[in-house]
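**Q**
2 protein chains.
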Amino acid sequence: MMDMEVLIVEDDPLHRSYLREQVSAALPECGTIHEAENGLQGETLARTHRSMHIVMDLQMNARNGIEAARTIWRERPDTCILFWSSYADEAYVRGVSRIVPNGAAYGYVLKSTSEERLKLALRSIFIENQCVIDNEVRGMQQRSFAQASGFSDSEYEILMDIALGLTDRAIADRRNLSLRSVQNRLQQIYSKLDVHQTNPSAREPSAREDAVFNLRARAVTVAMLRKLLNYGALEKAEAELRHWLRKQ
Amino acid sequence: MMDMEVLIVEDDPLHRSYLREQVSAALPECGTIHEAENGLQGETLARTHRSMHIVMDLQMNARNGIEAARTIWRERPDTCILFWSSYADEAYVRGVSRIVPNGAAYGYVLKSTSEERLKLALRSIFIENQCVIDNEVRGMQQRSFAQASGFSDSEYEILMDIALGLTDRAIADRRNLSLRSVQNRLQQIYSKLDVHQTNPSAREPSAREDAVFNLRARAVTVAMLRKLLNYGALEKAEAELRHWLRKQ
DNA sequence: CAGAGTTCTGCGGGTTCCCGCAGGTCCTTT
DNA sequence: AAAGGACCTGCGGGAACCCGCAGAACTCTG
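Top line first, the protein sequences correspond to chains A and B. Its first residue numbered 1, the first sequence is counted upward by one per residue in this note's numbering. Its first residue numbered 249, the second sequence is counted upward by one per residue in this note's numbering.
1) Cα separation between Leu228 of chain A and Ala91 of chain A?
2) Kindly indicate if chain B contains any beta-carbon less than 9 Å away from that of Asn230 of chain A.
3) Only counting the same chain, and skipping five residues up and downstream in sequence, which positions put a Cβ closer than 8 Å to that of Leu179 of chain A?
4) Note down, one range per segment and in chain order, each alpha helix (DSSP H) of at least 4 residues found wholly within the segment 72–146 of chain A.
5) Would you call the CB atoms of Glu291 of chain B and Thr319 of chain B closer than 9 Å?
6) Report the three-state DSSP secondary structure of Asp285 of chain B (helix, strand or coil).
7) DSSP state of Glu277 of chain B, grouped into three classes?
8) Name, please, each residue of chain A whose Cβ falls closer than 8 Å to the Cβ of Tyr266 of chain B.
9) Quick check on Ser206 of chain A: buried or exposed, where buried means 16 or more other Cβ atoms within 10 Å of its Cβ?
10) Report the rounded CA-to-CA distance for Gly95 of chain A versus Ile66 of chain A, giving the unit in angstroms.
11) Between Lys359 of chain B and the rest of its own chain, which residues show a CB-CB distance below 8 Å, the 5 nearest in sequence each way excluded?
12) So, for Tyr438 of chain B: in the same chain, excluding its five sequence neighbours on each side, which residues have a beta-carbon less than 8 Å away from its beta-carbon?
13) Run down chain B in chain order and give the residues with a C-beta less than 8 Å from the C-beta of Thr167 of chain A.
14) Please list, in chain order, all residues of the same chain as Ala481 of chain B whose beta carbon is under 6 Å from its beta carbon, the five residues on each side excluded.
15) Given Arg371 of chain B, which residues of its chain have a CB within under 8 Å of its CB, disregarding the five upstream and five downstream residues?
16) Within 10 Å of its beta-carbon, does Thr469 of chain B have 16 or more other beta-carbons around it, so buried, or fewer, so exposed?
17) What in chain A is Cβ-close to Leu473 of chain B, meaning under 9 Å?
18) For a test of the three-state rule: what should DSSP assign to Arg264 of chain B, helix, strand or coil?
19) Please state if the CB of Phe374 of chain B and the CB of Leu166 of chain A are separated by a distance shorter than 9 Å.
20) Answer yes or no: do Asn176 of chain A and Tyr479 of chain B have a C-beta to C-beta separation smaller than 9 Å?
21) Terminal residues of the continuous alpha helix (DSSP H) containing Leu179 of chain A?
22) Checking the sheet assignment: what are the DSSP bridge partners for Leu255 of chain B?
23) Step through the CB atoms of chain A and report whether any lies within less than 9 Å of the CB of Ile410 of chain B.
24) Grab the span of the alpha helix (DSSP H) containing Gly232 of chain A for me, first residue to last.
25) Taking the CB atoms as reference points, tell me whether Ile302 of chain B and Val341 of chain B lie closer together than 9 Å.
26) When DSSP labels each residue in this structure, what does Leu45 of chain A get in the three-state scheme?
27) Taking DSSP as the reference, what is the three-state secondary structure of Leu166 of chain A?
28) Indicate whether at least one CB of chain B lies closer than 9 Å to the CB of Arg218 of chain A.
29) Using a Cβ-Cβ cut-off of 7 Å (strictly less than) and excluding sequence neighbours within five positions of Met308 of chain B, which residues of its own chain qualify?
30) Could you name the residues of chain B that Ala170 of chain A contacts, counting a contact when the two beta carbons are closer than 7 Å?
31) Mind pulling the chain B residues with CB within less than 8 Å of Thr221 of chain A?
32) Taking the Cβ atom as the reference point for each residue, do Gly107 of chain A and Ala121 of chain A lie within a distance shorter than 9 Å?
33) Quick check: the Cα distance between Asp161 of chain A and Met224 of chain A, rounded to an integer number of angstroms?
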């Protein structure tokens, strides 16, 4: 146990040094601490050092934490990874829980938590091999899987597709559905996002019926404002889309 | 000059204490340093202390830096504000230069710059009343105002409108244009964003013409990926939209 | 197996979008 | 004054969208 090593992947220098400090304080049995300043470098260092204990930021420039974690877990699924993020966006939570391997120990704590809880999380994950999810993140998971405005995975896929700007036809081709099925999915998405909201004025069915919103575009924005989508998710989806377009 | 006071507005505790350190090191003539941890609190403290020297983060939870700066400058247009941000998104740069009053001294430096340059910027702005814009930010400004994929203000407005999910009709009403004019603007936007890109396969005009993209939705995503839009800009535009909807 | 629930699919319409064509109003340039 | 450019506007058509209706196919339960 004396040769435990930890890899820190974090692009902000201040946060990185803070993490190093906290790690060495919380884990006296820790020998060397390696540092990477983006996801790409994180993958490389994890590979060369065969890191089993990683604490990593989401939202980095070169390659975000979810992408990096996926390739790392693909090579060694029993790696312990603690995600340390500023935000609990549903897009992040969903992205993480989508890639975590069966039985792997991982954690998700916010940067705003206290030092004590960070240290506790470090020990729980790296020593006890036990998952630690921050309360607020946990709450997000609940709301996500419950159907209170919760999206199934397939609905989420289609939401990404319209965010990318695909046509109904293109979505149907990509997801192997009929055109009408795609439109049905869109209907559910629109209702779950409550996109039909207009001004709460008199709802008289007068001639002045206001079709203020283009539902397709509106859905994307509402999803962004609700943190269902964010920049990282868009970037990732865009890469996958390009990959798919080549094979057409 | 001995009673100079500085107000720091920054939500991250680590960055905040780092800023305090740098400010007191760079400005020995500085007496008190106040701190706020979000834009709303920043506005309040700026008002009560009549702060003339502010260094402030963009992208905060309660109210982002641009909003806060606008209300502060509205009350006292000769306030010196140094924006200290992680990113040089065109949305931020454009948002800042849209609200800076005539003749006001302000600065925009990235968090990734060296301590020396940060200190230099602090002295230049607060002592010499001189604008300091980081090189990378400056480059963004150039690209933005040159028409190399640069958007005029009116085009930018319409881009925001379709991002919000408005219909052509609604945009026309809102911006006092005819329906056709809005559609013309959209045409320009589509071409400037180069949204017509399909797979670079054989461009034969065969029957299998691929209309893969819904231009309207695609434009929004491309704008986001190019940092022309970001979450803060969306949030702000959404608030303005709600305000407009009431008056309808 | 019957029946109820959920999802997939086609049809058809009304509406909105995308955009070429053409005429109009304001400029600036020579 | 004439010629050119930049912008706004109406017309019209083909395509894509939004969505109600209604029949298949699949599941789940008793």
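Just so you know, even glycine gets a beta-carbon here, dropped at the ideal spot from N, CA and C.
**A** Taking the structure as given:
1) As a working note, residue 228 of chain A is residue 228 in the first sequence. As a working note, residue 91 of chain A is residue 91 in the first sequence. Cα-Cα distance, rounded: 5 Å.
2) The residue given as residue 230 of chain A occupies position 230 in the first sequence. It does; some Cβ of chain B falls within 9 Å.
3) Locating residue 179 of chain A in the first sequence gives position 179, where the first residue counts as 1. Counting only Cβ-Cβ distances below 8 Å, and skipping sequence neighbours, we find Asp168, Arg169 and Ala172.
4) 90–99, 115–126 and 135–145
5) Translated into the one-based positions of the second sequence, residue 291 of chain B becomes position 43. Translated into the one-based positions of the second sequence, residue 319 of chain B becomes position 71. Contact flag set, yes.
6) Translated into positions along the second sequence, residue 285 of chain B becomes position 37. The residue asked about is misnamed: residue 285 of chain B is Glu in this sequence, not Asp. In this structure, Glu285 of chain B counts as coil in the three-state DSSP scheme.
7) Numbered from 1 along the second sequence, position 29 holds the residue referred to as residue 277 of chain B. In the structure shown, Glu277 of chain B sits in coil (DSSP, three-state: anything other than H, G, I, E or B).
8) By 1-based counting over the second sequence, the position of residue 266 of chain B is 18. Going along chain A in sequence order, the residues near Tyr266 of chain B (Cβ under 8 Å) are Leu14.
9) In the first sequence, the residue the question calls residue 206 of chain A occupies position 206. Its pLDDT being 35, under 50, Ser206 of chain A is placed unreliably in this model, and the coordinates cannot settle the point.
10) Sequence index remark: in the first sequence, residue 95 of chain A carries index 95 (1-based). Sequence index remark: in the first sequence, residue 66 of chain A carries index 66 (1-based). So the alpha carbons of these two residues sit roughly 7 Å apart.
11) Within the second sequence, numbered from 1, the residue matching residue 359 of chain B stands at position 111. His263, Trp332, Ser333 and Ser334.
12) For the purposes of this step, residue 438 of chain B is taken as residue 190 along the second sequence, with counting starting at 1. His444, Leu463 and Ala467.
13) Locating residue 167 of chain A in the first sequence gives position 167, counting from the first residue. Within 8 Å Cβ-Cβ: Ala459, Val460, Phe461 and Asn462.
14) Counted from its first residue, the second sequence places residue 481 of chain B at position 233. Here the set comprises Ala339.
15) Looking up residue 371 of chain B in the second sequence gives position 123. Hits under 8 Å: Ala274 and Leu275.
16) Indexing the second sequence from 1 puts residue 469 of chain B at position 221. Label assigned to Thr469 of chain B: buried.
17) Position 225 of the second sequence, counted from the first residue, corresponds to residue 473 of chain B. Going along chain A in sequence order, the residues near Leu473 of chain B (Cβ under 9 Å) are Tyr231, Leu234, Glu235 and Glu238.
18) In the second sequence, counting from the first residue as 1, residue 264 of chain B sits at position 16. For Arg264 of chain B, the three-state secondary structure derived from DSSP is helix.
19) Within the first sequence, residue 166 of chain A is the residue found at index 166, counting from 1. Within the second sequence, residue 374 of chain B is the residue found at index 126, counting from 1. No.
20) The residue labelled residue 176 of chain A in the question sits at position 176 within the first sequence. The residue labelled residue 479 of chain B in the question sits at position 231 within the second sequence. Contact flag unset, no.
21) Residue 179 of chain A sits at position 179 when you count from the first residue of the first sequence. Per DSSP, Leu179 of chain A belongs to the alpha helix (DSSP H) from Leu179 to Lys192.
22) On the second sequence, position 7 is the one that residue 255 of chain B refers to. According to DSSP, Leu255 of chain B bridges with B:His282 and B:Ile302.
23) Within the second sequence, the letter at position 162 stands for residue 410 of chain B. At a cut-off of 9 Å between beta-carbon atoms, Ile410 of chain B makes contact with chain A.
24) Against the first sequence, residue 232 of chain A aligns to sequence position 232. Per DSSP, Gly232 of chain A belongs to the alpha helix (DSSP H) from Tyr231 to Arg246.
25) Taking the first residue of the second sequence as 1, we reach residue 302 of chain B at position 54. Taking the first residue of the second sequence as 1, we reach residue 341 of chain B at position 93. For Ile302 of chain B and Val341 of chain B, no; Cβs fall outside 9 Å.
26) As a first step, residue 45 of chain A must be located in the first sequence, where it is residue number 45. Leu45 of chain A: helix per DSSP, three-state reduction.
27) Stepping through the first sequence from its first residue, residue 166 of chain A is reached at position 166. Strand, per DSSP.
28) For the purposes of this step, residue 218 of chain A is identified with residue 218 of the first sequence, where counting begins at 1. So, interface residue.
29) Walking along the second sequence from the start, residue 308 of chain B turns up at place 60. Excluding sequence neighbours, Met308 of chain B sits near Asp259, Asn286 and Gly287.
30) Position 170 of the first sequence, counted from the start, is the residue given in the question as residue 170 of chain A. Proximity of chain B to Ala170 of chain A at the Cβ level (cut-off 7 Å) is accounted for by Val460, in chain order.
31) Translated into the one-based positions of the first sequence, residue 221 of chain A becomes position 221. What Thr221 of chain A touches in chain B: Ala411, Leu412, Gly413, Val468, Leu482 and Glu486.
32) The residue labelled residue 107 of chain A in the question sits at position 107 within the first sequence. The residue labelled residue 121 of chain A in the question sits at position 121 within the first sequence. Cβ atoms of Gly107 of chain A and Ala121 of chain A: closer than 9 Å.
33) In the first sequence, residue 161 of chain A corresponds to position 161, counting from 1. In the first sequence, residue 224 of chain A corresponds to position 224, counting from 1. So the two alpha carbons sit approximately 14 Å from each other.
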